[in-house]
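Per the UniProt record's numbering, the sequence shown starts with residue 1, numbered consecutively.
Report on the structure given below.
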Amino acid sequence: MDAISYERATDVSAAIKAAQQPGVAFIGGGTNLLDLMKGGIARPVKLVDITHIAGLNTVSELPDGGLRIGALVRNSDAANHTWIRERYPLLSQAFLAGASAQLRNMATVGGNLMQRTRCYYFYDTGFPQCNKRTPGSGCAAIEGNSRIHAILGASAQCIATNPSDMSVALAALDAVVHVNGPHGERTIAFAEFHRLAGDHPEVDTTLQPGELITSVDLPPPLFAQHSHYLKVRDRASYAFALVSVAAALQMDGNTVKTVRIALGGVAHKPWRATATEQALTGQPLSRDTLRSAAALAVRDARSYRDNGFKIELAQRAIVRAVSTAGGVA
Numbered sequence: 001m002d003a004i005s006y007e008r009a010t011d012v013s014a015a016i017k018a019a020q021q022p023g024v025a026f027i028g029g030g031t032n033l034l035d036l037m038k039g040g041i042a043r044p045v046k047l048v049d050i051t052h053i054a055g056l057n058t059v060s061e062l063p064d065g066g067l068r069i070g071a072l073v074r075n076s077d078a079a080n081h082t083w084i085r086e087r088y089p090l091l092s093q094a095f096l097a098g099a100s101a102q103l104r105n106m107a108t109v110g111g112n113l114m115q116r117t118r119c120y121y122f123y124d125t126g127f128p129q130c131n132k133r134t135p136g137s138g139c140a141a142i143e144g145n146s147r148i149h150a151i152l153g154a155s156a157q158c159i160a161t162n163p164s165d166m167s168v169a170l171a172a173l174d175a176v177v178h179v180n181g182p183h184g185e186r187t188i189a190f191a192e193f194h195r196l197a198g199d200h201p202e203v204d205t206t207l208q209p210g211e212l213i214t215s216v217d218l219p220p221p222l223f224a225q226h227s228h229y230l231k232v233r234d235r236a237s238y239a240f241a242l243v244s245v246a247a248a249l250q251m252d253g254n255t256v257k258t259v260r261i262a263l264g265g266v267a268h269k270p271w272r273a274t275a276t277e278q279a280l281t282g283q284p285l286s287r288d289t290l291r292s293a294a295a296l297a298v299r300d301a302r303s304y305r306d307n308g309f310k311i312e313l314a315q316r317a318i319v320r321a322v323s324t325a326g327g328v329a
């Protein structure tokens, strides 16, 4: 067993200071990190416990009417928080679609953002080919079992997908991530937080070494009346999405005034369907319009041996999610 040192941080500054060496990992709920450690995929030399830092486990109102969700807020608490349920039901639905009740009671918002892929080849160290786990070794999924893998934004180096439900909703809501690190505080637009695989699939986010997520900000609520999170999966609970859709709309009668659509289960990061959004904006919401617009979301899709079904599934899921959000029968 590898030797691991442990330090409990009392504030953000202490946590950042404790992490200024290679091989240090912050730990909150630990629901993903501990799995990775047990499997020999993550091998931190030191764990910095951030669970006792005051102020990171609260939800507060912002002056513009938005919300700030601390990085240590548990997924179950966020899902059931009155302000989130009433003002951002899309996010509450996404939280409740993820994992199991027991895991949601432990998992944190910050940790959810940092989830690593559930690619079979990444988790099974018996397969030596995984560029995400061992850069330069190859991607076994490309010629292997690709059923759960990406159809959008993949690269020749990796076709893994991001597993987070929460992140799909946050992408649709245009959230902002606050981080603090050795060079001070900064904010990251949610669209820029996760990376596509590119030539470096081992790097999941744009966080810099030693940076700690402190909170996630939601803009003023615009979509409380018309939003829906749809998760298509192999079984009703404790399964990751084959395709998921976060749909949020502002309606003017039957006309789409504003729309946000993000997809999960299809790419290395939550995928904004911007072409579909543009096609729907200003249009009456009908099944025919939706089907045409949904096709735009997958016009650049590429399938592999086992996941071609996702191209059609993604379109149908968009139609269903947006129809439900907009109240179209």
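Virtual Cβ for every residue (Gly too), placed ideally from N, Cα, C.
- Per the coordinates, the alpha-carbon of residue 218 lies some 16 Å from the alpha-carbon of residue 259.
- In the DSSP assignment, the residues bridged to residue 271 are 263.
- The straight-line gap separating the alpha-carbon atoms of residue 266 and residue 25 is approximately 28 Å.
- Residue state for residue 309 is assigned as helix, using DSSP reduced to three classes.
- By the Cβ rule, the stretch 146 to 166 counts as touching the stretch 306 to 314, because three or more pairs are nearer than 8 Å.
- Membership of residue 294 in the alpha helix (DSSP H) is indicated by the continuous run 287 to 297.
- In the three-state reduction of the DSSP assignment, residue 276 falls in the helix class, which pools H, G and I.
- Counted as a single uninterrupted DSSP element, the alpha helix (DSSP H) harbouring residue 87 occupies residues 82 to 87.
- In this structure residue 174 is not in contact with residue 244, their Cβ atoms being roughly 18 Å apart against a cut-off of 8 Å.
- Under the DSSP definition of a beta bridge, residue 252 partners with 255.
- Less than 8 Å divides the Cβ of residue 322 from the Cβ of residue 290.
- In the structure shown, residue 45 adopts coil according to DSSP, grouped into three states.
- Distance from the Cα of residue 23 is smallest, within the candidate group 66, 70, 6, for 6.
- Rounded to whole angstroms, residue 61 and residue 210 show a C-alpha spacing of 28 Å.
- The stretch 272 to 283 and the stretch 196 to 205 do not touch, with fewer than three beta-carbon pairs separated by less than 8 Å.
- Around the beta carbon of residue 84, 16 or more other beta carbons sit within 10 angstroms, so the residue counts as buried.
- Straight-line measurement puts the Cα of residue 65 at about 43 Å from the Cα of residue 156.
- Under DSSP, residue 228 forms a beta bridge with 247.
- With the rule of 3 Cβ pairs closer than 8 Å, the stretch 230 to 245 counts as touching the stretch 93 to 111.
- By the neighbour-count criterion, in which a residue is buried when 16 or more other Cβ atoms sit within 10 angstroms of its Cβ, residue 213 is buried.
- Within the stretch 81 to 168, no run of beta strand (DSSP E) at least 3 residues long lies entirely inside it.
- Setting aside the 5 residues that flank it on each side, residue 52 is surrounded in the same chain by 8, 9, 10, each with a C-beta closer than 8 Å to its C-beta; the list follows chain order.
- Judged by DSSP in its simplified three-state form, residue 215 adopts strand.
- The secondary-structure analysis by DSSP pairs residue 186 across a beta bridge with 179.
- Distance check between residue 135 and each of 158, 81, 67 places 158 closest, using alpha-carbon atoms only.
- Remark: C-beta atoms of residue 28 and residue 111 approach each other more closely than 8 Å.
- Boundaries cannot be given for residue 54, as no beta strand (DSSP E) includes it and DSSP labels it neither H nor E.
- Comparing alpha-carbon positions, the option among 21, 70, 186 lying closest to residue 47 turns out to be 21.
- Within the DSSP bridge table, the entry for residue 207 names no partner.
- Under the DSSP assignment, residue 34 falls in the alpha helix (DSSP H) whose first and last residues are 33 to 38.
- The Cβ neighbour count for residue 215, taken over all protein chains shown within 10 Å, is at least 16; the residue is labelled buried.
- Residue 208 sits exposed, since fewer than 16 C-beta atoms from the chains shown fall within 10 Å of its C-beta.
- In this structure, residue 320 lies away from residue 151, with their beta-carbon atoms at least 8 Å apart.
- Closest by C-alpha distance to residue 263, out of 310, 254, 223, is 310.
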